[in-house]
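To keep things clear, I will list the structure first and then write my remarks on it.
Number of protein chains: 2
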Amino acid sequence: MKKPIFRLTTLDFSILGLLMQKPMTGYGIRMMFEKTALASYSSSPGTIYPALSRMKGLGMVEKKKQASSNQELFTITKRGISLLTRWVTQTVTRNDVIRNSEILLLRFAFMDILASKAEKRKFLNSFLDVVNQYIKELEAYHLAESSVMPASGRQAFEHGLELNRATCRWIKNLLNNL
Amino acid sequence: MKKPIFRLTTLDFSILGLLMQKPMTGYGIRMMFEKTALASYSSSPGTIYPALSRMKGLGMVEKKKQASSNQELFTITKRGISLLTRWVTQTVTRNDVIRNSEILLLRFAFMDILASKAEKRKFLNSFLDVVNQYIKELEAYHLAESSVMPASGRQAFEHGLELNRATCRWIKNLLNNL
DNA sequence: TCGCACATGTAACGTGTTACATGATTCA
DNA sequence: TGAATCATGTAACACGTTACATGTGCGA
Numbered sequence: 001m002k003k004p005i006f007r008l009t010t011l012d013f014s015i016l017g018l019l020m021q022k023p024m025t026g027y028g029i030r031m032m033f034e035k036t037a038l039a040s041y042s043s044s045p046g047t048i049y050p051a052l053s054r055m056k057g058l059g060m061v062e063k064k065k066q067a068s069s070n071q072e073l074f075t076i077t078k079r080g081i082s083l084l085t086r087w088v089t090q091t092v093t094r095n096d097v098i099r100n101s102e103i104l105l106l107r108f109a110f111m112d113i114l115a116s117k118a119e120k121r122k123f124l125n126s127f128l129d130v131v132n133q134y135i136k137e138l139e140a141y142h143l144a145e146s147s148v149m150p151a152s153g154r155q156a157f158e159h160g161l162e163l164n165r166a167t168c169r170w171i172k173n174l175l176n177n178l
Numbered sequence: 001m002k003k004p005i006f007r008l009t010t011l012d013f014s015i016l017g018l019l020m021q022k023p024m025t026g027y028g029i030r031m032m033f034e035k036t037a038l039a040s041y042s043s044s045p046g047t048i049y050p051a052l053s054r055m056k057g058l059g060m061v062e063k064k065k066q067a068s069s070n071q072e073l074f075t076i077t078k079r080g081i082s083l084l085t086r087w088v089t090q091t092v093t094r095n096d097v098i099r100n101s102e103i104l105l106l107r108f109a110f111m112d113i114l115a116s117k118a119e120k121r122k123f124l125n126s127f128l129d130v131v132n133q134y135i136k137e138l139e140a141y142h143l144a145e146s147s148v149m150p151a152s153g154r155q156a157f158e159h160g161l162e163l164n165r166a167t168c169r170w171i172k173n174l175l176n177n178l
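From first to last, the protein sequence lines are chains A and B. Reminder that position 157 of the first sequence reads as 157 in the numbering used here, one-by-one numbering, no gaps. Reminder that position 109 of the second sequence reads as 109 in the numbering used here, one-by-one numbering, no gaps.
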């Protein structure tokens, strides 16, 4: 994993994904975060506006005033689209599944216009591989350790297993109907 | 939600939960975070040691050298146990479910020694209420908006719905067998 | 004209991460 | 004796949060 000169956060990509759908004011973006709890970030001004400035500095978004009204809307640039596309279409890693499978779903949600059907399939296939592998490991661990785990711990563990199985079913179902 | 004089983070409680099981060295805690990806925090020294110092300053943990060996182990104090107990047995809120349902499972996992069967039931019941309510809202939204949502967005949304349903099943099953 | 929604910003703060640094112990 | 693991720490940094601050436009 090479280190880029600048780091883009999930917050940045979340905003880019919103701007991909349509240009919005900073306030509009805030309201989207408030309504949809996007990736569980705060919708407060101190979160959104600094992020927008940063992204503007990096040439990922532009501030354009509409000719029709006097509103100032943020628009995603070509550079922004390119970065966002690269982000969503990355191959799914083991770490993604273990530590931020919520973000994987966010990436998928943004794929609508950004990725071809083939790229979606590729994403889902790598996702499925990793999840299946992970489920196997969890099952093996469960088999070996469940008798010595504290009851609540074991039950919470089983919950995690169930969620991964649900994700697995979701992927398979999607791959069949895509 | 009143503001306490000091703030305890999920990281703090995760560490407390580990120390509840048995006293450990800082290094031991780090290794636990590395193996189990506990609440998806980094296992790096820069994460664990400053947290331990902070917690020691707040009287939640103690550093005790074992008589038998020359190891220095961190131990949870009575104050720490009290704070941890209060944390895990809090009533489940809507916000918990929407923004950090993973943390709810962590809380449940730690309940083994910290909570009575009745308290576990109370927790699970409030959890179930909130999840059921949330699922209803998601279903209503889906019914109303699915036709105008972009395909990937709708599918990701459906994934979220499925996870919540799986959680709901898990809770119900547990309540029957507790 | 009162209040609310729209709209934008910033300063202080704490926390987690990365990277760097050091030393002891164990074992091959 | 050299490598690997155990063990602890800290400094620089960036990010997200809270709280504060300000102003406009519109409808009741």
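Beta carbons are placed, not taken as given, at the ideal position from N, Cα and C, and that holds for glycine. Fair warning: this is a prediction, and the values are worked out from it, not measured in the lab.
Taking the straight line between their C-alpha atoms, what separation do you get for residue i and residue j?
i: residue 30(B); j: residue 7(A); result: 26 Å
i: residue 124(A); j: residue 137(B); result: 27 Å
i: residue 133(B); j: residue 162(B); result: 14 Å
i: residue 164(A); j: residue 166(B); result: 10 Å
i: residue 168(A); j: residue 93(B); result: 28 Å
i: residue 23(A); j: residue 71(A); result: 11 Å
i: residue 151(B); j: residue 98(A); result: 26 Å
i: residue 115(B); j: residue 45(B); result: 31 Å
i: residue 63(A); j: residue 53(A); result: 10 Å
i: residue 36(B); j: residue 139(A); result: 14 Å
i: residue 231(B); j: residue 66(B); result: The question about residue 231(B) has no answer here: the residues shown for chain B are numbered 1 through 178.
i: residue 43(B); j: residue 18(A); result: 33 Å
i: residue 149(B); j: residue 159(B); result: 14 Å
i: residue 38(B); j: residue 28(B); result: 13 Å
i: residue 10(A); j: residue 10(B); result: 20 Å
i: residue 55(A); j: residue 56(B); result: 40 Å
i: residue 118(B); j: residue 82(B); result: 18 Å
i: residue 86(A); j: residue 173(A); result: 25 Å
i: residue 141(A); j: residue 102(A); result: 23 Å
So residue i packs on residue j, CB below 8 Å; how close in whole Å?
i: residue 74(A); j: residue 61(A); result: 5 Å
i: residue 100(A); j: residue 40(B); result: 7 Å
Given a cut-off of 8 Å, decide if residue j and residue i are closer than it, judged by their beta-carbon atoms.
i: residue 77(B); j: residue 126(B); result: no
i: residue 128(A); j: residue 80(A); result: no
i: residue 84(A); j: residue 33(A); result: no
i: residue 58(B); j: residue 121(B); result: no
i: residue 105(A); j: residue 96(A); result: no
i: residue 131(B); j: residue 171(B); result: yes
i: residue 113(B); j: residue 20(B); result: yes
State whether the region 98 to 117 of chain A contacts the region 148 to 161 of chain B, with contact taken as three or more CB pairs (one from each stretch) at a distance under 8 Å.
yes
Evaluate contact between the region 40 to 51 of chain A and the region 138 to 149 of chain A, counting only Cβ atoms and requiring at least three cross-stretch pairs below 8 Å.
no
Scan the region 32 to 103 of chain A and note each continuous beta strand (DSSP E) run of 3 residues or more that stays entirely inside, going in chain order.
61 to 65, 72 to 76
What are the start and end residues of each continuous alpha helix (DSSP H) run of 4 or more residues lying completely inside the region 94 to 148 of chain A, in chain order?
94 to 99, 101 to 109, 111 to 114, 117 to 145
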